[in-house]
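Q:
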Amino acid sequence: MHFEMTIDGQLIPLLKPCDKEKFLQRAEPYLGSDMFHVMIADRLMMFIWKIIDR
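Residue 8 in numbering that gives the first Met the number 0 sits at position 9 of the sequence shown, with consecutive numbering throughout.
1) Please tell me whether residue 34 and residue 13 are closer than 8 Å, where the distance is taken between their beta carbons.
2) According to DSSP, which residues form a beta bridge with residue 12?
3) With respect to 7 Å, is the separation between the Cβ of residue 33 and the closest non-hydrogen atom of the ligand PLP below this value?
4) Kindly indicate the opening and closing residues of the alpha helix (DSSP H) around residue 53.
5) Between the C-alpha atoms of residue 28 and residue 18, what's the straight-line distance to the nearest angstrom?
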């Protein structure tokens, strides 16, 4: 994990791609497949709307 600075100067933690993959593999059985996919779709839509709003 490392930290990146946002536009307003706040530090946010970022995971390496391999760490993200491990996290997602562990999260799906814990949350259940349906809930897991709803959460991923929600994050994707939030990302898309932020880009559109620019």
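Ideal Cβ positions, reconstructed from N, Cα and C, are used throughout, including at glycine.
A: So, from the listed chains and residues:
1) no
2) 2
3) Looking for the ligand PLP in the displayed structure turns up nothing, as the structure carries no ligands at all.
4) Taken as a continuous stretch (DSSP letters only), residue 53 belongs to no alpha helix (DSSP H), as it is neither H nor E.
5) 17 Å
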